[in-house]
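S.K.: Residue numbers (the numbering used here), protein chains in the order written: chain A, 1 to 474; chain B, 475 to 948.
Number of protein chains: 2
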Amino acid sequence: MIMEKGISSVEVLPSKSSQVTAVKVVVKEPETKQTQRGKRVGFVLVHAGAGYHSESKAKEYKHVCKRACQKAIEKLQAGALATDAVTAALIELELARGTMCSFKFSLSEEHFRDSNVQDSPFTNAGMGSNLNLLGEIECDASIMDGKSLNFGAVGALSGIKNPVSVANRLLCEGQKGKLSAGRIPPCFLVGEGAFRWAVDHGIPACPPGIMATRFSLAAFKRNKRKLELAEKVETDLIQLKKRRQSSEKGSRVMCRTCGRPSKANDGSRGGDQIELYSLENDSGTLDTVGAVVVDQEGNVAAAVSSGGLALKHPGRVGQAALYGCGCWAENTGAHTPYSTAVSTSGCGEHLVRTILARECSCALQTEDAHQALLETMQNKFIGSPFLANEDGVLGGVIVLRSCRCSAEPELSQEKPTLLVEFLWSHTTESMCVGYMSAQDGKAKTHISRLPPGAVAGQSVAIEGGVCRLESPES
Amino acid sequence: MIMEKGISSVEVLPSKSSQVTAVKVVVKEPETKQTQRGKRVGFVLVHAGAGYHSESKAKEYKHVCKRACQKAIEKLQAGALATDAVTAALIELELARGTMCSFKFSLSEEHFRDSNVQDSPFTNAGMGSNLNLLGEIECDASIMDGKSLNFGAVGALSGIKNPVSVANRLLCEGQKGKLSAGRIPPCFLVGEGAFRWAVDHGIPACPPGIMATRFSLAAFKRNKRKLELAEKVETDLIQLKKRRQSSEKGSRVMCRTCGRPSKANDGSRGGDQIELYSLENDSGTLDTVGAVVVDQEGNVAAAVSSGGLALKHPGRVGQAALYGCGCWAENTGAHTPYSTAVSTSGCGEHLVRTILARECSCALQTEDAHQALLETMQNKFIGSPFLANEDGVLGGVIVLRSCRCSAEPELSQEKPTLLVEFLWSHTTESMCVGYMSAQDGKAKTHISRLPPGAVAGQSVAIEGGVCRLESPES
């Protein structure tokens with residue numbers, strides 16, 4: 001197997017829009033390694049969210065990604081389905097939401113190695129750390145299989161430790177054909193119904209009291225207090241506005257953060273001022289996690305899971321549950337020269353409106369993957385007419401595409417290898433990723449950041465690498 | 475206003491696949507009418523589902539469509555937003571789900587004219603007539619505004635008479651900008667959370683006992699009995715299979731409906747035999763209803779609402795709630811020469827996997843709307859690789875596209891008119907539609923059927939018409 005290192009020196013590319021900055025991948029010379037006899041090949045790329053990853057917690061984010069990669073690779077090496085491998089990575093990332101939250105002030109590798117933290121089904125493994133307006137945890141997750149093109153998803157699911165395992169089970173059950181009396185098996189279940197289905201299919205329920213950690217409950221209380229303050233300011237602003245309208249016609253309240261006329265003054269909700277009381281999304285960028293894999297046969301799979309936003313409305317479903325928005329996987333076919341897999345993270349509404357996962361997958365069918373992804377992020381995401389009214393467009397994607405090719409075309413005797421191109425791109429401050437080939441001893445991790453001066457929501461960073469997977473010698 | 479009648483003589487077109495049959499629209503010569511001074515123009519196209527509409531109930535289906543068209547046109551004439559007009563049509567169609575169910579054996583125009591049936595908030599107006607596995611009603615609905623490109627949706631919603639009004643309210647609230655503390659307003663809510671949000675926003679709750687009608691409860695009991703029988707047969711088949719496997723190696727059970735080897739015999743769930751005990755989806759094809767409108771300014775909107783399938787799993791969400799799948803509306807823009815609006819009906823999973831509403835909208839940006847829609851239904855729906863394993867692909871769409879043009883190009887002084895092309899296409903046995911221009915006295919309705927010999931799930935019918943809307947003389 002030849003692994004081409006993807007992490008790069010940074011180079012700013014010229015771009016169509018002056019607001020868009022691209023970070024180019026400089027692929028290093030391949031380091032040749034010996035393919036191990038009989039050992040299965042495969043590749044995984046994971047993300048621990050697009051958002052802001054502080055330097056102080058970088059080590060922990062990377063460690064989570066590393067473990068998730070290892071879990072997926074273990075599955076691939078054992079001959080598991082690509083969907084099972086991607087599920088294994090997601091389960092690890094979902095568990096980390098709880099642990100990262102609980103231990104975020106003192107997290108060390110020892111904590112992760114401690115089996116009480118890792119493996120105990122409930123201890124500190126609250127499946128998401130952001131509580132909704134009612135203090136409940138509700139999660140979204142989805143998975144897609146590139147071979148069957150089947151999809152499974154859950155939305156606003158409570159009481160299950162690993163939402164992705166329910167999504168994967170829905171996908172599996174969907175592949176078994178119709179239910180009794182000709183009923184079509186569901187591929188997307190939400191809320192209480194999703195919970196019941198999971199329990200009926202043997203997925204253990206997690207007692208509600210254990211789901212939220214001490215830290216997530218404390219964050220919930222702080223957020224509720226902030227919300228009360230924000231709403232008080234909003235009420236005051238409306239009263240102020242009414243008084244000013246009668247006394248000082250035409251004058252405008254300026255927003256303290258951006259200097260523009262306040263929305264409150266224009267008759268809307270005063271959102272700009274209120275944002276000063278911004279909420280803690282306590283799991284940081286681990287809120288949405290995802291992974292993409294390709295197995296030895298070139299089958300791809302993708303998955304995504306989200307704990308949701310702090311103080312979101314109960315029942316709110318975001319991109320992680322929605323077809324085409326949270327993840328996409330599509331094997332090579334009559335009209336698709338490449339197998340592609342995509343997983344997204346960021347502002348749910350932005351990712352939904354642009355159906356970003358599927359959009360990226362379609363774009364990756366053109367020759368230059370890097371250019372295709374960059375153009376998609378520029379034109380179909382930041383520049384999308386569907387987000388024209390947004391101040392900033394926030395999101396990130398990991399993508400993988402693979403095709404069969406001869407490692408050295410001049411040697412026609414050569415066994416065809418699987419060429420895997422993998423990229424990540426984000427408009428957020430940062431995105432944490434990890435990747436690993438089945439032939440590697442351990443995963444590589446990286447926190448990609450926008451270059452200095454680039455504005456989040458208006459700029460794009462893009463990086464990646466290439467990896468060749470040779471079929472094992474039998 | 476010039477109205478070109480769309481209902482057509484039927485002509486079979488040659489098609490790429492021998493299994494695909496197209497019914498061509500023959501547009502008749504325009505009948506010129508005088509534009510009424512000062513009266514607003516606009517156009518609405520509604521559907522009462524793609525499925526099977528019996529001749530015996532044709533009158534009732536058509537009447538429902540007629541009333542829905544009238545409601546939308548009343549709104550357009552009053553200067554309402556396109557989204558409010560499309561919502562008005564949907565509310566009428568949603569109410570008819572309850573009334574059609576209750577009165578399906580004796581329905582007459584008098585029943586609909588009776589204000590106790592139409593307007594009483596709860597009498598017989600059960601919002602959906604198909605009860606889920608637990609005997610509850612759960613509905614999906616969504617709406618999209620072509621001008622703002624905003625979207626609102628609810629999934630698995632119980633206890634609200636008109637789910638589309640919640641979807642429309644979500645869309646409206648989303649347009650007001652961020653919530654307090656910088657929270658992003660939700661565009662998609664499900665289950666109990668959606669219900670709470672609706673009630674908090676002044677939409678009245680419907681007492682649960684009143685939601686299900688006497689007839690829907692009776693159908694539920696019959697369906698549950700059929701399911702029990704089907705499951706008994708399934709168990710028997712599995713036992714039979716085990717016995718045969720030990721005594722008659724290699725023999726196969728043939729499906730009585732299609733003659734192919736039974737799935738049960740292949741180790742799966744015995745779905746083919748069990749389908750003989752097919753369930754009553756008691757509202758017939760009124761289960762999913764939808765509408766598309768264009769207003770005087772050329773703004774488009776689309777909406778869809780579904781009561782769901784009989785005995786569906788609680789929490790199952792179908793295409794009617796999903797972005798890109800149930801409806802789509804997009805005004806003309808930099809990359810879109812036409813304004814387009816689409817609403818779908820049929821097998822939810824098929825419409826989701828193909829993201830059919832958005833796919834149709836994209837295709838309609840090419841010159842020949844009829845050809846574009848036909849090709850989409852053939853290649854992106856029936857022939858979709860995402861549905862390659864399905865025996866038949868069942869769905870229907872209504873589409874509308876409009877652009878500004880001069881009625882008579884040689885007269886450059888002529889006020890530009892709005893050219894509206896409207897089409898419906900389905901792979902199901904039939905689809906019931908209605909359409910109306912603001913200048914018409916009443917709506918036209920039609921039940922489109924596959925031509926004799928065409929196989930549902932493998933054939934496409936397509937029909938439609940053209941309408942020119944002249945700006946009113948001021």
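Beta carbons are placed, not taken as given, at the ideal position from N, Cα and C, and that holds for glycine.
1. Pull up the CB-CB distance for B:Leu623 and B:Glu771, whole angstroms please, since I reckon it's below 8 Å.
2. Compute the Euclidean distance between the alpha carbons of A:Glu92 and A:Lys71, then round it to the nearest angstrom.
3. Please report how far the alpha carbon of A:Pro186 lies from the alpha carbon of A:Lys232, in whole angstroms.
4. Among all the DSSP beta bridges, which residues are the ones paired with A:Tyr323?
5. Closer than 8 Å is the cut-off here; do at least three beta carbon pairs connect the stretch 779-796 of chain B with the stretch 841-848 of chain B?
6. Please look up how many angstroms separate the CB atoms of A:Ala388 and A:Thr427, rounded, as I've assumed it's under 8 Å.
7. I want to verify the contact list: residues of chain A whose CB lies under 9 Å from the CB of B:Tyr797, in sequence order.
8. So A:Val393 and A:His350 are supposed to be a Cβ contact under 8 Å. How far apart are they, rounded?
9. What number of angstroms, rounded off, separates the C-alpha of B:Gly782 from the C-alpha of B:Ser530?
10. When the cut-off is 7 Å and only beta carbons count, does A:Gly457 lie next to chain E?
11. Going by C-alpha to C-alpha distance, which of A:Ser339, A:Ala301, A:Ser343, A:Thr366 sits closest to A:Ala85?
12. Measuring CB to CB, does B:Gly620 end up less than 7 Å from B:Ser813?
13. Using a Cβ-Cβ cut-off of 7 Å, state whether B:Ser654 counts as contacting chain A.
14. Could you tell me whether the stretch 72-83 of chain A touches the stretch 38-49 of chain A, using the rule of 3 or more Cβ pairs below 8 Å?
15. Restricting to Cα atoms, I'd like to know which of A:Thr336, A:Gly135, A:Gly396, A:Ile184 is closest to A:Arg214.
16. On the three-state DSSP scale, how would you describe A:Gly193?
17. Contact defined as beta carbons within less than 8 Å: I believe A:Arg401 pairs with A:Pro416. What is the distance between those atoms, to the nearest angstrom?
18. Sort B:Leu644, B:Ala765, B:Asp710, B:Ala928 by Cα distance to B:Cys539 and report the nearest one.
19. Would you report the Cα separation of B:Lys698 and B:Asn606, rounded to the nearest angstrom?
20. Which same chain residues end up closer than 6 Å to B:Lys536 when comparing Cβ atoms and leaving out the 5 residues on each side of it in sequence?
21. Check whether the Cβ atoms of A:Gly191 and B:Gly626 sit closer than 7 Å, and answer yes or no.
22. Suppose you measure from the CA of B:Cys941 to the CA of B:Glu864; what does that come to, to the nearest Å?
23. Determine the closest residue to A:Glu228 out of A:Leu311, A:Ala167, A:Val164, with distance taken between C-alpha atoms.
24. So what's B:Cys821 in DSSP terms, helix, strand or just coil?
25. Any idea if B:Pro637 is buried or exposed, counting beta-carbon neighbours within 10 angstroms, 16 or more meaning buried?
26. For the stretch 418-472 of chain A, which segments carrying the beta strand (DSSP E) assignment without a break, of at least 3 residues, lie completely within its bounds, in sequence order?
27. Strictly below 7 Å CB to CB, what residues from chain B border A:Lys226?
28. Looking at chain B, is there any beta carbon in it that lies within less than 7 Å of the beta carbon of A:Gly298?
29. In angstroms, rounded to a whole number, what distance separates the CA positions of A:Phe422 and A:Ala80?
30. With a cut-off of 7 Å, does the C-beta of A:Arg316 fall near any C-beta of chain B?
31. So, is the C-beta of B:Ile658 closer than 7 Å to a C-beta in chain A?
32. Residues of chain A with a CB under 7 Å from the CB of B:Ala668: which are they?
33. For the alpha helix (DSSP H) that contains B:His844, what are its first and last residues?
34. Closer than 9 Å by beta-carbon distance: list the chain A residues that pair up with B:Val871, in chain order.
35. Could you tell me whether the Cβ atoms of B:Asp614 and B:Ser780 are closer together than 7 Å?
36. Given a threshold of 16 other Cβ atoms within 10 Å of its Cβ, counted over all protein chains shown, does A:Asp236 qualify as buried or as exposed?
M.R.: According to the data block:
1. For the purposes of this step, residue 623 of chain B is taken as the residue at position 149 of the second sequence. For the purposes of this step, residue 771 of chain B is taken as the residue at position 297 of the second sequence. Your pair B:Leu623 and B:Glu771 does not check out as a contact, with CB atoms roughly 16 Å apart and the cut at 8 Å.
2. Reading the first sequence from its first residue, position 92 is the one you call residue 92 of chain A. Reading the first sequence from its first residue, position 71 is the one you call residue 71 of chain A. So the two alpha carbons sit approximately 7 Å from each other.
3. Your numbering for residue 186 of chain A matches position 186 in the first sequence. Your numbering for residue 232 of chain A matches position 232 in the first sequence. C-alpha of A:Pro186 to C-alpha of A:Lys232: approximately 44 Å in a straight line.
4. As a first step, residue 323 of chain A must be located in the first sequence, where it is residue number 323. Residue pairing by DSSP places A:Tyr323 opposite no residue, since no beta bridge is assigned to it.
5. Flag = no, the stretch 779-796 of chain B and the stretch 841-848 of chain B do not touch.
6. Taking the first sequence and counting its residues from 1, one reaches residue 388 of chain A at position 388. Taking the first sequence and counting its residues from 1, one reaches residue 427 of chain A at position 427. With a Cβ gap of about 15 Å, A:Ala388 and A:Thr427 do not count as contacting.
7. Translated into the one-based positions of the second sequence, residue 797 of chain B becomes position 323. Listed by position along chain A, the residues whose Cβ is nearer than 9 Å to that of B:Tyr797 are Leu322, Tyr323, Gly324, Cys325, Val352, Arg353, Ile355.
8. What you label residue 393 of chain A is simply residue 393 of the first sequence in a count that begins at 1. What you label residue 350 of chain A is simply residue 350 of the first sequence in a count that begins at 1. Confirmed, about 5 Å.
9. The residue you call residue 782 of chain B lines up with position 308 of the second sequence. The residue you call residue 530 of chain B lines up with position 56 of the second sequence. Roughly 23 Å separates the two Cα atoms.
10. Absence of chain E from the displayed structure is noted, the protein chains being A and B.
11. The residue given as residue 85 of chain A occupies position 85 in the first sequence. It is A:Ala301.
12. As a first step, residue 620 of chain B is located in the second sequence; it is residue number 146 there, counting from the start. As a first step, residue 813 of chain B is located in the second sequence; it is residue number 339 there, counting from the start. Yes, these two residues count as a Cβ contact at 7 Å.
13. For this step, residue 654 of chain B is matched to residue 180 along the second sequence. Output row for B:Ser654: interface = yes.
14. For the pair of segments examined, the stretch 72-83 of chain A was found to touch the stretch 38-49 of chain A: the number of CB pairs separated by less than 8 Å reaches three.
15. Along the first sequence, read from residue 1 onward, the residue named residue 214 of chain A stands at position 214. Of A:Thr336, A:Gly135, A:Gly396, A:Ile184, the residue nearest in Cα terms is A:Gly135.
16. Residue mapping note: residue 193 of chain A aligns to position 193 of the first sequence, counting from 1. Helix at A:Gly193.
17. Within the first sequence, the letter at position 401 stands for residue 401 of chain A. Within the first sequence, the letter at position 416 stands for residue 416 of chain A. Not confirmed; about 16 Å, so no contact.
18. Here residue 539 of chain B corresponds to residue number 65 of the second sequence, with the count starting at 1. Of the listed residues, the one whose Cα sits closest to B:Cys539 is B:Ala765.
19. The residue given as residue 698 of chain B occupies position 224 in the second sequence. The residue given as residue 606 of chain B occupies position 132 in the second sequence. It is roughly 10 Å from the alpha-carbon of B:Lys698 to the alpha-carbon of B:Asn606.
20. Residue mapping note: residue 536 of chain B aligns to position 62 of the second sequence, counting from 1. Excluding positions up to five away in sequence, the list reads Thr919.
21. Taking the first residue of the first sequence as 1, we reach residue 191 of chain A at position 191. Taking the first residue of the second sequence as 1, we reach residue 626 of chain B at position 152. In this structure, B:Gly626 does not lie closer than 7 Å to A:Gly191 by Cβ.
22. By 1-based counting over the second sequence, the position of residue 941 of chain B is 467. By 1-based counting over the second sequence, the position of residue 864 of chain B is 390. In a straight line, the C-alpha of B:Cys941 is about 37 Å away from that of B:Glu864.
23. Counting from 1 along the first sequence, the entry for residue 228 of chain A is found at position 228. Relative to the Cα of A:Glu228, the nearest Cα in the group A:Leu311, A:Ala167, A:Val164 belongs to A:Leu311.
24. Translated into positions along the second sequence, residue 821 of chain B becomes position 347. Coil, per DSSP.
25. Here residue 637 of chain B is taken as the residue at index 163 of the second sequence, counted from 1. Label assigned to B:Pro637: buried.
26. Taken in chain order, the complete beta strand (DSSP E) segments of 3 or more residues contained in the stretch 418-472 of chain A are 430-437, 444-449, 461-470.
27. Taking the first residue of the first sequence as position 1, residue 226 of chain A is located at position 226. Around A:Lys226, the beta-carbon contacts reaching into chain B at under 7 Å are Ala655.
28. Locating residue 298 of chain A in the first sequence gives position 298, counting from the first residue. By this cut-off, A:Gly298 is not an interface position.
29. Within the first sequence, residue 422 of chain A is the residue found at index 422, counting from 1. Within the first sequence, residue 80 of chain A is the residue found at index 80, counting from 1. Going by the C-alpha atoms only, they are around 21 Å apart.
30. The sequence position of residue 316 of chain A within the first sequence is 316, counting from 1. So yes, A:Arg316 belongs to the interface.
31. Translated into positions along the second sequence, residue 658 of chain B becomes position 184. Yes, because at least one Cβ of chain A sits closer than 7 Å to the Cβ of B:Ile658.
32. Position 194 of the second sequence, counting from 1, holds the residue named residue 668 of chain B. Near B:Ala668 (Cβ distances below 7 Å), the residues of chain A are Gly315.
33. As a working mapping, residue 844 of chain B is identified with position 370 in the second sequence. Segment 843-849, the alpha helix (DSSP H) holding B:His844.
34. Taking the first residue of the second sequence as position 1, residue 871 of chain B is located at position 397. Near B:Val871 there are no residues of chain A at all, since even the closest Cβ is about 18 Å away, more than 9 Å.
35. Residue 614 of chain B sits at position 140 when you count from the first residue of the second sequence. Residue 780 of chain B sits at position 306 when you count from the first residue of the second sequence. Going by C-beta atoms, B:Asp614 is nearer than 7 Å to B:Ser780.
36. Here residue 236 of chain A is taken as the residue at index 236 of the first sequence, counted from 1. Exposed, by the Cβ-count rule.
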